[in-house]
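Under the working numbering, the sequence shown has 195 at position 29, and the numbering climbs by one with no breaks. Note that beta-carbon positions come from the ideal geometry of N, C-alpha and C, so glycine has one too. All remarks here apply to the structure that follows.
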Amino acid sequence: MSSEHLALARALHVCAIVMWIGGVAFVTTVLLPSVRRLKEPQQRVAFFEAIEGRFAWQARATTLLAGATGFYLTWVWDLWERFTNPQFWWMHAMVAIWLLFTVMLFVAEPLFLHRWFIERARREPERVFRRIERMHWLLLTLSVATVIGAVAGSHGGLN
Ligand code: HEM
């Protein structure tokens, strides 16, 4: 396999992560606080979901690209052994974050989460919105820790 090929796969992997985790950071630190400030509790969840729906499509595409390039690099470089070594916790973290988002974006959201949020929000708007905010902070924190681990780890900074 030519090295340009792999450099491109790596560059696409990082681009996908920038778009995807950057979007999660924007939603968490800019969009959600603005919705809280601008909208009454009863309107917050529906308003947020309407805007975030557009990002969900971008997140689906970038999650697919990140997964495809990530597994491709793992396969070509034959890095599977790393998954048996706790020193490479950041490899596990990448796959775990990817799985978490894949299940949320491709299974939970379209099947029931969207409907569940809207329905619950009718009865307990404050509580549901707070839960959405907390969930985003948690996902963002785990994602940023993974990015730091992956860059430091893959450039030999953790040994
Ligand atoms: C199926 C999921 C994924 C797989 C199989 C995967 C695999 C890989 C591989 C093989 C590398 C190169 C490691 C090396 O050079 O030693 C890498 C780099 C990297 N990955 Fe992933 N990855 C996945 C998802 C993610 C996710 C979800 C994130 C972020 C939250 C992420 C962030 C990064 C970063 C920042 C790098 C380092 C790039 C660099 O500094 O050159 N990856 N990934």
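So what does DSSP say about Gly-189, is it helix, strand or coil? In the three-state DSSP reduction, Gly-189 falls in the helix class (H, G or I).
Is the beta carbon of Gly-323 within less than 7 Å of some heavy atom of the ligand HEM? No, Cβ of Gly-323 sits at least 7 Å from all heavy atoms of the ligand HEM.
So, using beta-carbon positions, are Tyr-238 and Ala-177 closer together than 8 Å? When the beta-carbon positions are compared, Tyr-238 and Ala-177 stay at least 8 Å from each other.
For Leu-239, the three-state DSSP class (helix, strand or coil): Of the three classes helix, strand and coil, the one that applies to Leu-239 here is helix, per DSSP.
Helix, strand or coil for Ser-168 per DSSP? Three-state result, Ser-168: coil.
How long is the line joining the alpha carbons of Phe-283 and Leu-277, rounded to whole angstroms? Rounded to whole angstroms, Phe-283 to Leu-277 spans 12 Å at the Cα level.
Need the endpoints of the alpha helix (DSSP H) that Val-326 sits in, please. For residue 326 there is no data in the structure shown, the boundaries of the chain being 167 and 325.
With Thr-268 as the anchor, note down where its alpha helix (DSSP H) starts and where it stops. Here the alpha helix (DSSP H) through Thr-268 covers 255-268.
Distance, Cα to Cα, Ala-227 vs Gly-188? Each residue's alpha carbon lies about 14 Å from the other.
Presumed contact (8 Å Cβ cut-off) between His-302 and Thr-194, rounded CB distance: Correct: roughly 4 Å between the Cβ atoms.
Quick one: is Ala-287 buried, meaning 16 or more other Cβ sit within 10 Å of its Cβ, or exposed? Ala-287 is buried by the Cβ-count criterion.
Taking C-alpha atoms, which residue in Trp-243, Leu-231 and Leu-197 lies nearest to Ser-169? Closest in alpha carbon position to Ser-169, among Trp-243, Leu-231 and Leu-197, is Trp-243.
Is Val-211 buried or exposed, if buried means 16 or more other CB atoms sit within 10 Å of its CB? A residue is called buried once 16 or more other Cβ atoms fall within 10 Å of its Cβ, and Val-211 is buried on that count.
Are Trp-264 and Ala-232 close, meaning C-beta to C-beta below 8 Å? With contacts defined as CB atoms closer than 8 Å, Trp-264 and Ala-232 qualify as a contacting pair.
Within the chosen definition, does the stretch 248-263 reach the stretch 295-315 through at least 3 CB pairs nearer than 8 Å? A contact exists between the stretch 248-263 and the stretch 295-315.
At the level of alpha carbons, what is the spacing between Ala-173 and Ile-183? If I take the Cα positions, the gap works out to 15 Å.
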